Amino acid sequence: MHGAEGRTGYLIEIVQDALCKALKARRNMPLMGDFELTFEARTGCRPEHNVFAEDVEWQNIDVRNTLFPEDKEEDEVPQPKKRRLKIVRGA
Numbered sequence: 554m555h556g557a558e559g560r561t562g563y564l565i566e567i568v569q570d571a572l573c574k575a576l577k578a579r580r581n582m583p584l585m586g587d588f589e590l591t592f593e594a595r596t597g598c599r600p601e602h603n604v605f606a607e608d609v610e611w612q613n614i615d616v617r618n619t620l621f622p623e624d625k626e627e628d629e630v631p632q633p634k635k636r637r638l639k640i641v642r643g644a
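Start counting the sequence shown at 554; every next residue gets the next number (my numbering).
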């Protein structure tokens, strides 16, 4: 849960992706490396910030700096642009 910052749905997605890696490699169970690669691919984190890396003390990693860089405050979210409707005549 630490690696997903308490977001259960995100944790489930990490587990699913790691399981897919194992199945594609024709293994019945995922390895820690599958989780490490999945977390790296999803977050773009550096190896020293990967909670699944072997030589890292995951308890000391502040995942808020790693996860969800696209998250913004509500007032920073851009408003959708108005689209013009295309009129089709003679249809």
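Glycine included, each C-beta is placed from N, C-alpha and C at the ideal position.
Model, not experiment: these values are computed from the prediction.
DSSP-derived helix/strand/coil call for residue i
{"i": "residue 590", "result": "helix"}
{"i": "residue 608", "result": "coil"}
{"i": "residue 571", "result": "helix"}
{"i": "residue 582", "result": "coil"}
{"i": "residue 562", "result": "helix"}
{"i": "residue 595", "result": "helix"}
Cβ neighbours of residue i in the same chain (closer than 6 Å, five flanking residues each side left out)
{"i": "residue 572", "result": "583"}
Residue i versus residue j: straight-line alpha-carbon distance, rounded
{"i": "residue 595", "j": "residue 567", "result": "8 Å"}
{"i": "residue 561", "j": "residue 570", "result": "14 Å"}
{"i": "residue 576", "j": "residue 585", "result": "14 Å"}
{"i": "residue 607", "j": "residue 590", "result": "12 Å"}
{"i": "residue 581", "j": "residue 642", "result": "58 Å"}
Closest residue to residue i among the options (Cα-Cα distance)
{"i": "residue 564", "options": "609, 579 and 604", "result": "604"}
{"i": "residue 588", "options": "574, 579, 609 and 580", "result": "574"}
Check: residue i C-beta below 8 Å from any heavy atom of the ligand SAM
{"i": "residue 603", "result": "Judged by which ligands are present, the structure shown has none, so any question about the ligand SAM falls away."}
Close beta carbons around residue i, own chain, < 8 Å, minus the five adjacent residues each side
{"i": "residue 592", "result": "556, 567, 598, 603, 604 and 605"}
Beta-carbon proximity list for residue i, same chain, < 7 Å, skipping 5 on both sides
{"i": "residue 609", "result": "601 and 603"}
{"i": "residue 579", "result": "none"}
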